[in-house]
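See structure below.
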Amino acid sequence: QKEVEQDPGPLSVPEGAIVSLNCTYSNSAFQYFMWYRQYSRKGPELLMYTYSSGNKEDGRFTAQVDKSSKYISLFIRDSQPSDSATYLCAMSARPRRAAGNKLTFGGGTRVLVKP
Amino acid sequence: DTAVSQTPKYLVTQMGNDKSIKCEQNLGHDTMYWYKQDSKKFLKIMFSYNNKELIINETVPNRFSPKSPDKAHLNLHINSLELGDSAVYFCASSSRGRTSLPNTGELFFGEGSRLTVL
Numbered sequence: 001q002k003e004v005e006q007d008p009g010p011l012s013v014p015e016g017a018i019v020s021l022n023c024t025y026s027n028s029a030f031q032y033f034m035w036y037r038q039y040s041r042k043g044p045e046l047l048m049y050t051y052s053s054g055n056k057e058d059g060r061f062t063a064q065v066d067k068s069s070k071y072i073s074l075f076i077r078d079s080q081p082s083d084s085a086t087y088l089c090a091m092s093a094r095p096r097r098a099a100g101n102k103l104t105f106g107g108g109t110r111v112l113v114k115p
Numbered sequence: 116d117t118a119v120s121q122t123p124k125y126l127v128t129q130m131g132n133d134k135s136i137k138c139e140q141n142l143g144h145d146t147m148y149w150y151k152q153d154s155k156k157f158l159k160i161m162f163s164y165n166n167k168e169l170i171i172n173e174t175v176p177n178r179f180s181p182k183s184p185d186k187a188h189l190n191l192h193i194n195s196l197e198l199g200d201s202a203v204y205f206c207a208s209s210s211r212g213r214t215s216l217p218n219t220g221e222l223f224f225g226e227g228s229r230l231t232v233l
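Top to bottom, those sequences are chains H and W.
Here our numbering is used: the first residue of the first sequence is 1, the next is one more, and so on.
Here our numbering is used: the first residue of the second sequence is 116, the next is one more, and so on.
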């Protein structure tokens, strides 16, 4: 069993719908949680960064962390065709500035937003 | 003005050959990484250098040897290539210093080098 599990999808939604993505993890040492977006044939880019449990909102994106359930979510409101990409969750036991910080990634969920 | 650039983007080679991938970043970061992304999209860290010093060395075969000639460059040399080495290799960089920066520690990835071993 992998440390971080993520449904590979694809998740297909109509434009304007809410996209709901999630990851589960097994390592209770993880305290820092990230969501990356990866377009086809491109490198991942950071979308959201959160520490410990709680919610964080940035424009159309909301990240939620529930450490008691070892479950994190990303919601995309008013989805656009340009949101079509693979979304990867990532986690770390140490703050991103720490030496030797290793991110553990999920396998990514492919999202398709249809016009 | 590409931030993290890798060459080559595509590499097709035969089993047993030796190949290198180069990475350069112009962000002024002090830490660089190599990640491997397999066919199922899992990204796994291989190596990390901070100021030319190796700080992360995951369980990677000895056939993989990173080299960091300076803070802005991190190369990956692979000897005796095997079929299982086929993957996309991503270089990334981050800044550990100057904590006042809002994105300190954030990973910036290159576009990847797609290696196919036949």
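We treat Cβ as the ideally placed atom computed from N, Cα and C, and that holds for glycine.
All figures in this text were calculated on a predicted structure; none of them were measured in a lab.
Legend entry - Own chain residues within Cβ distance below 7 Å of residue 115 of chain H, not counting five before or after: 15, 81
Inset, instruction - Verify whether the separation of the beta carbon atoms of residue 183 of chain W and residue 164 of chain W is less than 7 Å. - result: yes
Inset, instruction - Just mark residue 125 of chain W as buried or exposed, buried being the case when its beta carbon has 16 or more other beta carbons within 10 Å. - result: exposed
Inset, instruction - Determine which residues of the segment 41-68 of chain H have a Cβ less than 9 Å from any Cβ of chain W, and write them out in chain order. - result: 41, 42, 43, 44, 45, 46, 49
Inset, instruction - Name the two residues that bound the continuous beta strand (DSSP E) containing residue 150 of chain W. - result: 146-152
Legend entry - CB contact below 7 Å: residue 107 of chain H versus chain W: yes
Legend entry - residue 73 of chain H vs residue 19 of chain H beta-carbon contact at 7 Å: no
Inset, instruction - Starting from residue 91 of chain H, follow the beta strand (DSSP E) in both directions and report where the run begins and ends. - result: 85-92
Inset, instruction - Would you grab the beta carbon distance between residue 51 of chain H and residue 32 of chain H for me? Rounded to a whole angstrom, and I think it's under 8 Å. - result: 6 Å
Inset, instruction - Leaving aside the five residues before and after residue 216 of chain W along the sequence, list all residues of the same chain whose C-beta is less than 8 Å from its C-beta, in chain order. - result: Note on residue 216 of chain W: pLDDT 47, under 50, position unreliable in the model; no value is reported.
Inset, instruction - Spatial neighbours of residue 233 of chain W within its chain, please: CB distance less than 6 Å, with the 5 preceding and 5 following residues excluded, ordered by chain position. - result: 129
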